[in-house]
Amino acid sequence: MRDSFVRRALRHPSFVVGAVLTGLLVVAALLSLVWAPFSPTEIDIPHKLQGPSSTHWLGTDSLGHDIASQLLVGSQNSIVVGVVAVGIGLGLGVLLGCLAAARRGWVEELVMRAADFTFAFPALLSAIMLGAIYGPGLMTGIVAIGIFNVPVFARIARGSASAVWAREYVLAARAAGFGPWRITLDHVLPNIASVLIVQATISFATAILAEAALSYLGLGTQPPQPSWGRMLNEAQTMLFQAPMLAVYPGLAIALSVLGLNLMGDGLRDLLDPKLARRR
Amino acid sequence: MSVFLLKRLMTFLATLAVASVLVFAVLELLPGNVAQVMLGETATPEAIASLEKKLGLDQPPLQRYGHWVSGLLQGHTARSYSYDTPTAELMAERLQVTLPLAALAMSLTVVLALALGIFAASQHNRLGDVGVMAASQLGIAIPSFWFAILLILLFAVKLQWVSAGGFPGWSEDNDGGLIEGLKALALPAVALALVQAAILARVTRSAVVEVMREDFVRTARAKGLSRRATLWRHVLRNAMIPVLTVMGLQFANLITSTIVVENVFVLPGIGRLVFQAIANRDLVVVRDVVMLLVALVVVVNFVVDVLYALVDPRLKASDA
Chain F
2 MRDSFVRRAL RHPSFVVGAV LTGLLVVAAL LSLVWAPFSP TEIDIPHKLQ
52 GPSSTHWLGT DSLGHDIASQ LLVGSQNSIV VGVVAVGIGL GLGVLLGCLA
102 AARRGWVEEL VMRAADFTFA FPALLSAIML GAIYGPGLMT GIVAIGIFNV
152 PVFARIARGS ASAVWAREYV LAARAAGFGP WRITLDHVLP NIASVLIVQA
202 TISFATAILA EAALSYLGLG TQPPQPSWGR MLNEAQTMLF QAPMLAVYPG
252 LAIALSVLGL NLMGDGLRDL LDPKLARRR
Chain L
2 MSVFLLKRLM TFLATLAVAS VLVFAVLELL PGNVAQVMLG ETATPEAIAS
52 LEKKLGLDQP PLQRYGHWVS GLLQGHTARS YSYDTPTAEL MAERLQVTLP
102 LAALAMSLTV VLALALGIFA ASQHNRLGDV GVMAASQLGI AIPSFWFAIL
152 LILLFAVKLQ WVSAGGFPGW SEDNDGGLIE GLKALALPAV ALALVQAAIL
202 ARVTRSAVVE VMREDFVRTA RAKGLSRRAT LWRHVLRNAM IPVLTVMGLQ
252 FANLITSTIV VENVFVLPGI GRLVFQAIAN RDLVVVRDVV MLLVALVVVV
302 NFVVDVLYAL VDPRLKASDA
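As they're listed, the protein sequences go chains F and L.
Heads up: the first sequence begins at 2 in our numbering, then just goes up one per residue.
Heads up: the second sequence begins at 2 in our numbering, then just goes up one per residue.
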C-alpha cells in the first residue's frame, strides 16, 4: 500500500515539482540556521548596491547586506509563520469542526455562524487592528493569519467529519457504547486526516503570501530580522539604481507558494483518487 | 426564495452588529487606555486626561459604543486625532480612489477569468486547457504587490510610459481628470486582477466542465441545440453559481490586496489612510476604516447571496 503510494506520487508531475520546490524552501531554512555566506544583518556601506559576483552571489543592497544571505535567512521567517499560523488554524479549527459534527444542533449552528463571521475579517484587517494597538511585529502577523485560518479548518473538518459520522462503522461504534470523543479520535480524525493535510499545505502557502504582504507594509517582521516582504519594500526605493533587488525576494515567495500549492494539488489527487478522476 | 432572502438579511444585519462590537472591543477596550496608546509612553497625565475628554473616553463603554454606532449610521463620525477632520469626510475622500480601483480590478478579473475559464473548459484536457491551468497556477503564486512592483519596473522604470505612482485626482485642476485618473489606476488594477483572475478562471473551468457532464446538457444537445447555444443557455447559467460564490469570497481578498497595492503605487486611497493612521497612532481613524472595510465585505457577500438566489433556478423554484 505504502509502496504503491510512493510510486504513484513519483509519477505525479505536479506533486514532484511541488515537493522539490517545498524541499528547497525547507533545506534553505535549515541550512541558514547553521550557515549563510555572510551575516544577513551586517552593514557594509563600502560594498553597497553591488551586482552579482563570486563573493556576493546575488549582489548587495543599499546598506551592503548580502542578498543571498538575506534570502536564505528570510526563509526561516516564512516557515515559522507558516507552521505557527497553520498550527493555530489546524488546532482550533479541527477541534471546533469536530465538536460541531459530533454535537450537532445548536453547537454546530454556533460554530458555523462564528466561522462565517470570521471570514468578514481578512488577516490584514486583524493585523491592522492588532498592529495599531500592540505595534507591528512577527507575533501580530502570526496571530492575525492564524485567526483567519481557524474558520477555514473548522468548516472543512466539520464537513468531512459529518460525512464520517453518517457511516455504518460509526453507528456500530456508537451501538457498542463508545462516546463521541472516543469515536472522533478513533474513527473521525483518521478518516479526515487526508483532507486536512491537503488544506494545511494550501494554507501554508497562503500564510507565506500574507506574511510577505504584512512585512512589506511594515506590519510583520521587524528589522534587523530579514524577511522577503520587507526586502521588497526596501528594494522598491532602489528601483532605478538596482532593479534586480526587487526581483529575487518576489521570486523566492512565488516559488515557495507555487511549490506548496502544487504539492497540495498533488496530495489531493493522490489521497483522493475519486476526486482525481473527476477533474 | 423570499424565505431564503429574509434569512440572509437577518444574518447580514447580525454579522454587521457583531462585527461592530468586536471592532469596538478590540480597538477601544482591549488597549486599556486608548489615550495612552495614542500619545505614547512619554505623555503627561494632563495630556492624557485632555485627550480622554476630547475623545469621550471618560464615558462608560456602552454609552461610547452606542454613540459611535449611531454616529456611523447618521454619518456624524468622530474627528480624526491627527487630521482634525471627521473620519467620514476622510473616508469619503479616499473612497474616490479605492472604490474605482476595486471596481476596475473586479471588472478586469471577471472578463479575464470567464474568458480563460470557458476557453480552458472547451479545450478540456487538451493543450489550451493545460496552458491556462499552468498559467493560473503561476498567477495564484505571485503576490499581487510583487506583480505591482514588477509592472512599475517594466512600465515606469524601463519603458518610462507611466509614472511610478501617485494619483492626479478626478477633477481637471492640477492636471487631473477622468482620463488621467483612469491612467493612474490602470497598472494597479492589472496587478490586482491577475491574481484574482487566476483563481476565478480555475473555478469557472471546473464549474463549466462539471455542468457539461449533466444529463440536461446531453438532452439539450440531443434535441438539436448547437454547442454554442447549449453553452450560453444551459451550461453557463448553472456554472455561474459556484463562480458567483467564489467571487463573493474573493471580494474580501480584493479589498485587502487593494490596501496593499495602493501602498505600492502611493495612491491616496483607504489603504494609505489606514497605514498613515497606524503610523500616527490615530486609533479613531483605524477603528472607523476597519469597520468600513468589514462592512464592505459583508455587504458584498449579501449582494452575492441575492444574486445567487436570482441565478439559481432551484432556489427560484422553491417559492412555487
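Backbone N, C-alpha and C define an ideal beta-carbon position, used for all residues, glycine too.
- Identification of chain F residues near residue 88 of chain L by a Cβ-Cβ cut-off of 8 Å yields none; the smallest Cβ-Cβ distance measures about 14 Å.
- Here residue 37 of chain F is not near residue 76 of chain F, since their CB atoms are 8 Å or more apart.
- DSSP lists F:67 as the beta-bridge partner residues of residue 61 of chain F.
- The stretch 71-90 of chain F and the stretch 194-206 of chain F touch, with no fewer than 3 CB-CB distances between them shorter than 8 Å.
- Residues of the same chain with their beta carbon placed closer than 6 Å to that of residue 234 of chain L are lacking, with the five preceding and five following residues left out of the count.
- Residue 138 of chain L reaches chain F at 15, 259, 262, 263, 266, counting residues in chain order whose Cβ is nearer than 9 Å.
- Chain-ordered listing is empty here: chain F has no CB closer than 8 Å to the CB of residue 69 of chain L, the nearest sitting near 15 Å.
- A distance below 8 Å separates the beta carbons of residue 230 of chain F and residue 213 of chain F.
- Residues of the stretch 121-151 of chain F with a C-beta less than 7 Å from any C-beta of chain L: 121, 122, 123, 125, 126, 129, 130, 132, 133, 134, listed in chain order.
- Unbroken beta strand (DSSP E) stretches of 3 residues or longer found wholly inside the stretch 68-130 of chain F: none.
- For residue 142 of chain L, the chain F residues whose C-beta falls within less than 7 Å of its own C-beta are 255, 258, 259, 262, listed in chain order.
- Counted as a single uninterrupted DSSP element, the alpha helix (DSSP H) harbouring residue 182 of chain F occupies residues 181-184.
- Between residue 126 of chain F and residue 294 of chain L, the CB-CB gap stays under 8 Å.
- In this model, residue 272 of chain L and residue 88 of chain L are separated by some 14 Å (Cα to Cα).
- Look at the stretch 24-70 of chain L and you find these whole runs of alpha helix (DSSP H), each 4 residues long or longer: 35-40, 46-56.
- Counting C-beta pairs closer than 8 Å gives three or more between the stretch 184-194 of chain L and the stretch 251-268 of chain L, which meets the contact rule.
- In this structure, residue 244 of chain F sits near residue 158 of chain L, with a CB-CB distance shorter than 8 Å.
- Note that the C-beta distance between residue 217 of chain F and residue 146 of chain L is below 8 Å.
- For residue 16 of chain L, the closest Cβ of chain F is nearer than 8 Å.
- Straight through space, the alpha carbons of residue 223 of chain F and residue 124 of chain F are spaced by roughly 18 Å.
- CA-to-CA, the gap between residue 305 of chain L and residue 250 of chain L works out to about 9 Å.
- Annotation: Cβ neighbours of residue 284 of chain L in chain F (cutoff 9 Å, chain order): 133, 134.
- Fewer than three Cβ pairs drawn from the stretch 158-178 of chain F and the stretch 130-143 of chain F lie within less than 8 Å of each other, which leaves the two stretches out of contact.
- Burial is judged here by how many other beta carbons sit within 10 angstroms of a residue's own beta carbon; residue 311 of chain L has fewer than 16 and is exposed.
- For residue 87 of chain L, the beta-bridge partners assigned by DSSP are L:80.
- Under the 8 Å criterion on CB atoms, residue 83 of chain F is classed as non-interfacial with respect to chain L.
- C-alpha of residue 225 of chain L to C-alpha of residue 248 of chain F: approximately 54 Å in a straight line.
- If you draw a straight line from the Cα of residue 45 of chain F to the Cα of residue 64 of chain F, it is about 6 Å long.
- A contact is defined here as three or more CB-CB pairs under 8 Å, and the stretch 43-59 of chain F fails this definition with respect to the stretch 96-103 of chain F.
- Per DSSP, reduced to three states, the secondary structure at residue 39 of chain F is coil, with no helix or strand assignment.
- In the structure shown, residue 235 of chain L adopts helical secondary structure according to DSSP, grouped into three states.
- Listed in chain order, the positions of the stretch 205-237 of chain F with a beta carbon within less than 7 Å of a beta carbon of chain L are 210, 213, 214, 217, 218, 233, 237.
- Under a 10 Å Cβ-count criterion, residue 180 of chain L is classified as exposed, with fewer than 16 other Cβ atoms of the shown protein chains found around its own Cβ.
- Around the Cβ of residue 59 of chain L, a 10 Å sphere holds fewer than 16 other Cβ atoms; the residue is exposed.
- With respect to the C-alpha of residue 278 of chain L, the residue from L:268, L:290, L:267 having the closest C-alpha is L:290.
- Around residue 248 of chain L, the same chain offers 201, 305 as residues with beta carbons nearer than 7 Å, after the five sequence neighbours per side are excluded.
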